[in-house]
Amino acid sequence: MRVVTLLATALSASAFVEALPADNPRSTNRQYVGYLFSTFSDPTPQVQWHLSDGNSASSFNFLNGGKPVVTSGVGTKGVRDIFLKTNTARSEYFTIATGYAKDLDINAPGFSWDLRTDGLPCPKDTGLIDQEFLYLGKPGHFACFLKNDTINKVYQKTTTTGRFGTWTRVPGYVRPESPLEGPCAFADLRTAGLYHLLLDDYTQYIPSQNSNILSPNWEKSDFPNFPKGLTHGSVTPLTKKEYDAVVAKFRK
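Residue numbers for the sequence shown follow the numbering used here, beginning at 1009 and rising by one.
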């Protein structure tokens, strides 16, 4: 379902085969100037885009006049768990989403494609959902966030030896509140070493942040201008060319 020309998106199973992670270590030499927040809301379960005010992680503008940029015409016609990915060259863009149909049950924010094996890493543990991988800027360095579905809290693991290396769990949970789910993590573009984590409290995303990703203390962010009512999505850093293209096409 390719519906835009400046940032082509696809809402199909074939995207899983072709898409490569935007946080691929080979792409970290790019300069990013802003964020594109791909998400949905309960009243409108379709792909919605919000663009940051410059490189701010706290303020976003609803694009396309407040209308979805991608809609589904199959099944229940509702989608959730919006996940935007790009190929290594950033010449193609893929929107992956979970449909409401019973035969499609992939939580897109936890989607992580491994380049070496062409595999989809999934935890073996039971009672765990909403897996989110975050590349930390160095080869082999990742953080992983998972929801413990038995107590509805999110915890973190880290590794410095690659996704198939040794993972160390950070003690406890990222936040004491419950319920929280749908983790969405991304690096700050203004402050090196600062990371943001969005957690869904079953009504909307609540932002938190910390400055020590390997031994974190996630604190709630003071973001009064952060969009309300958004759930389960992904935040993609944009180059200047991409940012300008989105503005030209979708800021109405």
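Every residue gets a Cβ at the ideal spot worked out from N, C-alpha and C, and that includes glycine.
- Each residue's CA atom was taken as its position, placing Ser1216 and Asp1252 some 28 Å apart.
- Restricting attention to Thr1084, Ile1104, Gly1083 and Gln1039, the CA atom closest to the CA of Lys1093 is found in Ile1104.
- Contact fails between the stretch 1208-1227 and the stretch 1073-1080, because fewer than three Cβ pairs, one in each stretch, are under 8 Å apart.
- Note on geometry: alpha-carbon atoms of Lys1249 and Ser1223 lie some 35 Å from one another.
- Only exposed fits Gly1237, as fewer than 16 other CB atoms lie within 10 angstroms of its CB.
- Annotated as proximal: Thr1047 and Gln1056, with beta-carbon spacing under 8 Å.
- Contact check for Gly1241 and Phe1045: beta-carbon distance about 6 Å, within the 8 Å limit, so the pair qualifies.
- For Phe1234, no beta strand (DSSP E) encloses it, and the DSSP letter there is neither H nor E.
- With a cutoff of 8 Å on beta-carbon distance, Gly1145 and Thr1169 are scored as not near each other.
- Rounded to the nearest whole angstrom, the C-alpha separation of Pro1245 and Tyr1043 is 4 Å.
- If you draw a 10 Å sphere on the C-beta of Gly1081, you find fewer than 16 other C-beta atoms in it, and that means exposed.
- Scanning Ala1195, Phe1091 and Asp1050 for the CA closest to the CA of Ser1066 turns up Ala1195.
- Your pair Phe1150 and Tyr1143 checks out as a contact, with CB atoms roughly 6 Å apart and the cut at 8 Å.
- A residue is called buried once 16 or more other Cβ atoms fall within 10 Å of its Cβ, and Asp1050, having fewer, is exposed.
- Beta-carbon to beta-carbon, Leu1071 and Phe1234 are separated by about 16 Å, too far to satisfy the 8 Å threshold.
- In the DSSP assignment, Phe1258 falls outside any beta strand (DSSP E) and within the unbroken alpha helix (DSSP H) covering Lys1248 to Phe1258.
- Shown here, Asn1156 sits in a strand according to DSSP, grouped into three states.
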